[in-house]
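**Q** My questions all concern the structure below.
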Amino acid sequence: MPWLAALLLAAGCTAPEKAPDTATDAIGRTLERRAAAVMDRDEDAYLAVLAPSARTLRATAHEEFENLADVPLGSWTYHLTGIERTGDRATVQAELRYRIAGYDTAPVSTPRTLALEERGGRWYVTGDRPGAGGAPQLWQQGEVRAVRGAHSLVLGVGAGEAAGAR
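So the number in my numbering is just where the residue sits in the sequence shown, counting from 1, plus 659.
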C-alpha cells in the first residue's frame with residue numbers, strides 16, 4: 660500500500676488558500692457611500708469619499724453634484740466589474756447604474772473607470788472618467804434642466820433660459 664501513502668502525502672501538498680482581498684470589499688463600500696450620498700442629496704458625504712489631495716476632482720465633483728440637483732433619480736449604484744491593485748492604489752472598472760424616477764423601468768448602465776488610493780485604512784476616489792465604450796453623462800456637461808410634460812420628462816444642458824421659455 661505504498662501508493663496509498665503517496666496519495667495521502669500528495670493530497671496534503673496543495674497550495675494554501677489565498678487570503679480574501681479586503682481591499683475589494685473596502686473599495687466597494689467606498690462606492691456604496693458615494694452612491695448613497697447621491698441618493699440622499701448629501702454633498703458633504705459625496706465629497707467625503709474623494710481624496711483630500713484631489714483638488715481638481717473635488718471641484719469637478721462639486722459642479723457635477725450641483726448639476727444633478729434637478730435630475731429626479733430613482734436609483735444610483737455601482738457594480739464592480741474589475742479591479743487592478745498595486746499597493747495603496749487601485750484602478751476600478753465599474754458599471755454606474757442609475758434610474759430616473761417615474762420614467763425608467765430599468766436602470767441605465769454606463770461604464771466608469773475610477774482611480775482610488777488608500778490612506779489611513781480607507782479608500783478614496785482620486786479619479787472618475789468614462790470607461791471603455793462609455794461617454795460623459797449629462798450632469799458632467801453642465802447644469803441639467805428638467806422640463807416635465809404631461810407624459811414626458813426632457814433633461815438637457817446648455818439651453819440656458821430659452822429652454823424654460825418654450
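Ideal Cβ placement from N, Cα and C applies to all residues, glycine included.
Can you tell me whether DSSP reads Arg700 as helix, strand or coil?
**A** Locating residue 700 in the sequence shown gives position 41, counting from the first residue. Of the three classes helix, strand and coil, the one that applies to Arg700 here is coil, per DSSP.
**Q** Can you say whether Thr736 is buried or exposed, counting buried as having 16 or more other CB atoms within 10 angstroms of its CB?
**A** By 1-based counting over the sequence shown, the position of residue 736 is 77. Buried, since its Cβ has 16 or more Cβ neighbours within 10 Å.
**Q** Runs of 4 residues minimum, wholly inside the region 700 to 755: which ones carry the alpha helix (DSSP H) assignment?
**A** Within the region 700 to 755, the complete alpha helix (DSSP H) runs of at least 4 residues are 702 to 707, 714 to 726.
**Q** I'd like the ranges of any beta strand (DSSP E) spanning at least 3 consecutive residues and lying wholly in the region 753 to 822.
**A** Counting only runs of 3 or more, we get 767 to 778, 781 to 789, 804 to 807, 812 to 815.
**Q** Tell whether a beta-carbon distance below 8 Å holds between Leu773 and Ala753.
**A** Working through the sequence shown from its first residue, we reach residue 773 at position 114. Working through the sequence shown from its first residue, we reach residue 753 at position 94. Yes, they are a contact pair.
**Q** For Asp612 and Leu727, what's the separation of their Cα atoms in angstroms?
**A** As displayed, the chain neither begins before 660 nor continues past 825, which places residue 612 out of reach and without an answer.
**Q** Since I believe Ser734 is in contact with Pro766 (beta carbons under 8 Å), could you give me their beta-carbon distance rounded to a whole number of angstroms?
**A** Looking up residue 766 in the sequence shown gives position 107. Looking up residue 734 in the sequence shown gives position 75. That pair is a contact at about 6 Å.
**Q** Out of Pro731, Leu775, Thr750, state which residue places its alpha-carbon closest to the alpha-carbon of Arg758.
**A** Along the sequence shown, one-based indexing puts residue 758 at 99. Taking only the C-alpha atoms, the option nearest Arg758 is Pro731.
**Q** Would the beta-carbon of Glu828 fall within 8 Å of that of Asp747?
**A** For residue 828 there is no data in the structure shown, the boundaries of the chain being 660 and 825.
**Q** With DSSP collapsed to three states, give me the class of Asp680.
**A** Locating residue 680 in the sequence shown gives position 21, counting from the first residue. Looking at Asp680 - three-state DSSP - the assignment turns out to be coil, as it is neither helix nor strand.
**Q** Assuming Val803 contacts Leu812 (C-beta within less than 8 Å), just tell me the rounded distance between them.
**A** Sequence index remark: in the sequence shown, residue 803 carries index 144 (1-based). Sequence index remark: in the sequence shown, residue 812 carries index 153 (1-based). Between Leu812 and Val803 the Cβ distance is about 11 Å, and since that is not below 8 Å, they are no contact.
**Q** Just the Cα atoms here: how many angstroms apart are Glu691 and Thr745?
**A** If you number the sequence shown from 1, residue 691 lands on position 32. If you number the sequence shown from 1, residue 745 lands on position 86. About 22 Å.
**Q** Where Leu739 and Asp787 are concerned, what is the direct C-alpha to C-alpha distance, given to the nearest angstrom?
**A** Within the sequence shown, residue 739 is the residue found at index 80, counting from 1. Within the sequence shown, residue 787 is the residue found at index 128, counting from 1. Answer to the nearest angstrom: the Cα atoms are 14 Å apart.
**Q** Please state if the CB of Tyr705 and the CB of Ala720 are separated by a distance shorter than 8 Å.
**A** Along the sequence shown, read from residue 1 onward, the residue named residue 720 stands at position 61. Along the sequence shown, read from residue 1 onward, the residue named residue 705 stands at position 46. Result yes, Cβ atoms of Ala720 and Tyr705 sit closer than 8 Å.
**Q** Rounded to whole angstroms, what's the CA-CA distance from His810 to Arg700? Just pull it up for me.
**A** Counting from 1 along the sequence shown, the entry for residue 810 is found at position 151. Counting from 1 along the sequence shown, the entry for residue 700 is found at position 41. The straight-line gap from Cα to Cα measures roughly 26 Å.
**Q** When you compare each of Gly761, Leu755, Thr715 to Arg693 by their alpha carbons, which one comes out closest?
**A** Position 34 of the sequence shown, counted from the first residue, corresponds to residue 693. Ranking the options by Cα distance to Arg693, first place goes to Leu755.
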